[in-house]
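For the sequence shown, counting from 1, position 334 maps to 348 in the numbering used here; every step adds exactly one. First comes the structure, then the notes that go with it.
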Amino acid sequence: MIHYFQSTQTGAPQLNGLPSLISVLSACLVNGFNLRTLTSITRNGTIGTVSADAGHGFRDNDVVWIAGANQSAYNGAKRIRAVSTNSFQFDVTGDPQTPASGTLSAKLAPLDWELVFSAASKAVYRSKDLTSSKLLLRIDETPLAGDVNYGRGTTSCVAQMWEVLTDIDNGSGKSGCYWRKSSLQTADTRPWILVGDSKRFWFCVAWGGGYPNRYVPYFFGDFSSFKPGDTYRCLLSGIHELGYSYQDPAYTQWLDSVFSVGQAVGETGIRLPRDYSLLGGTTNAAYVCGVGSGGVGMGATGLVYPNPADNGIYVMPLLIQERVGPSLRGRLPGLLTPLHSIAAPAPTILPGFVLDGSPRDLLIVGATQGSGAGRLAFDLTGPWE
Numbered sequence: 015m016i017h018y019f020q021s022t023q024t025g026a027p028q029l030n031g032l033p034s035l036i037s038v039l040s041a042c043l044v045n046g047f048n049l050r051t052l053t054s055i056t057r058n059g060t061i062g063t064v065s066a067d068a069g070h071g072f073r074d075n076d077v078v079w080i081a082g083a084n085q086s087a088y089n090g091a092k093r094i095r096a097v098s099t100n101s102f103q104f105d106v107t108g109d110p111q112t113p114a115s116g117t118l119s120a121k122l123a124p125l126d127w128e129l130v131f132s133a134a135s136k137a138v139y140r141s142k143d144l145t146s147s148k149l150l151l152r153i154d155e156t157p158l159a160g161d162v163n164y165g166r167g168t169t170s171c172v173a174q175m176w177e178v179l180t181d182i183d184n185g186s187g188k189s190g191c192y193w194r195k196s197s198l199q200t201a202d203t204r205p206w207i208l209v210g211d212s213k214r215f216w217f218c219v220a221w222g223g224g225y226p227n228r229y230v231p232y233f234f235g236d237f238s239s240f241k242p243g244d245t246y247r248c249l250l251s252g253i254h255e256l257g258y259s260y261q262d263p264a265y266t267q268w269l270d271s272v273f274s275v276g277q278a279v280g281e282t283g284i285r286l287p288r289d290y291s292l293l294g295g296t297t298n299a300a301y302v303c304g305v306g307s308g309g310v311g312m313g314a315t316g317l318v319y320p321n322p323a324d325n326g327i328y329v330m331p332l333l334i335q336e337r338v339g340p341s342l343r344g345r346l347p348g349l350l351t352p353l354h355s356i357a358a359p360a361p362t363i364l365p366g367f368v369l370d371g372s373p374r375d376l377l378i379v380g381a382t383q384g385s386g387a388g389r390l391a392f393d394l395t396g397p398w399e
């Protein structure tokens, strides 16, 4: 089940240039947010209708965690629809009593990850999904030494992927990069988006104050590997070197660029714990597909929008290519590359988008490349396997 969170939602924690990222990730991955008391839940056949307080803040297609009903069929993660000012609906299985009894509540459902370790300005997260790789994400918001104008201080944090952690600071199999939060070391908020499921997520931040719709995409979690029995099918992406970031999010070392298959690529900030041999240490990777030679910003290819021949919108899936070989390691989950700059500079959902013969909802997000013409396309329907 794909979840979509945004900083503009009711009750969402805010991100800024101070320690704040852990609060955002804990809300989306572990705890949920926007807890509301419900007035009632009634059922008509397989449709449950919830009455809530006015301004509850939930949106169509949100995944909401309902709790407190004495009838278990009403509880749990529910995809909601028909949202109005003080009500929404969801599907109910079985034949539970109506109306529901109990002390009823709802909140935005988290991705169902766990907080493995936590300390001052540090946190370690891991998927609870039994089929996941079980690698760990460690976030450290301790101030970074160096020039704040280049993303140091508390404007960026260290993001690490670990194979094993025995406590919050010690373990083995470490890969690292940076996740920048803001261009300023202040409490000025920055827009963010998180899209994910029980095994992986994309976290996008428009960290440049002068560029509110240019989102930088960070990633952590599992991908579908081409390597049989790949126990290291996990990827971390972030900024490789903060010295190149300046104030403009376009300097992100190709996190929203696509390279042609087989092209040699330098450091990108996209990390795998091990190469396809599953031996040794971390290796660098890039996102590739057949969009042409060289690196091309997602959605900034120059192809006319919409496509003149059929008035269509075209996107392509992406592959993960590791530096060794180079070798194609697997499919990049959730993110598609538009082949033109879709007219949606702010986050916009395109419903009913037909992909491989099945209807999908695509979230179109402004990217950093092409002087603002770049676009990211996230599959909100899934599954991402």
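Even glycine gets a Cβ: it sits at the ideal position worked out from N, Cα and C.
* What do you reckon, are the CB atoms on Tyr456 and Ile80 nearer than 8 Å? -> Nothing can be reported for residue 456, as the shown portion of the chain is limited to 15 through 399.
* **8 Å CB neighbourhood of Val294 in its chain, flanking five on each side removed** => According to the sequence as given, residue 294 is Gly; it is not Val. Around Gly294, the same chain offers Arg288 as residues with beta carbons nearer than 8 Å, after the five sequence neighbours per side are excluded.
* Asked: If we ignore side chains and look at the alpha-carbon of each, how far apart do Ser91 and Val302 end up?
  -> Correcting the residue identity first, residue 91 is Ala in this sequence and not Ser. Rounded to whole angstroms, Ala91 to Val302 spans 35 Å at the Cα level.
* According to the neighbour-count rule (16 or more other Cβ atoms, all chains shown, within 10 Å of its Cβ), is Ser86 buried or exposed? -> By the Cβ-count criterion, Ser86 is exposed, with fewer than 16 other Cβ atoms from all chains shown falling within 10 Å of its own Cβ.
* Buried or exposed: Glu399, going by 16 or more other Cβ atoms within 10 Å of its Cβ? -> By the neighbour-count criterion, in which 16 or more other beta carbons inside 10 Å mark a residue as buried, Glu399 falls on the exposed side.
* Rounded distance between the beta-carbons of Ala299 and Leu286, thought under 8 Å -> Confirmed, about 5 Å.
* Asked: DSSP three-state call for Asn58: helix, strand or coil?
  -> When DSSP states are grouped into helix, strand and coil, Asn58 belongs to the strand group.
* Asked: Mind checking whether Gly210 and Leu125 have CB atoms under 8 Å apart?
  -> The Cβ atoms of Gly210 and Leu125 lie closer than 8 Å to each other.
* Asked: Over what stretch of residues does the beta strand (DSSP E) that includes Ser101 continue unbroken?
  -> Looking at the DSSP string, the run of the beta strand (DSSP E) that includes Ser101 is 101-105.
* To do: Output the boundary residues of the alpha helix (DSSP H) element that contains Leu158.
  => For Leu158, there is no enclosing alpha helix (DSSP H), as DSSP marks it with neither H nor E.
* Curious, which full-length beta strand (DSSP E) runs of at least 3 residues does the stretch 62-140 contain? -> List check, beta strand (DSSP E) in window: 77-83, 90-93, 95-98, 101-105, 116-122, 127-133.
* Asked: Is the stretch 228-238 touching the stretch 375-383, taking contact as three or more C-beta pairs under 8 Å?
  -> Flag = yes, the stretch 228-238 and the stretch 375-383 touch.
* To do: Take Asp105 and list the residues in its own chain whose beta-carbon comes closer than 8 Å to its own, dropping the five residues that flank it on each side.
  => The residues Thr60, Ile61, Gly62, Lys92, Arg93, in chain order, have a CB closer than 8 Å to that of Asp105 in the same chain once the five nearest residues on each side in sequence are set aside.
* Asked: Should Glu128 be labelled buried (16 or more other beta-carbon atoms within 10 Å of its own) or exposed?
  -> Result: exposed.
* DSSP state of Asn298 mapped onto helix, strand, coil -> Strand at Asn298.
* To do: Kindly give me the distance between the Cβ atoms of Phe234 and Leu151, rounded to whole angstroms, as I take these residues to be in contact under 8 Å.
  => For a cut-off of 8 Å, the C-beta gap from Phe234 to Leu151 is around 5 Å, short enough to register as a contact.
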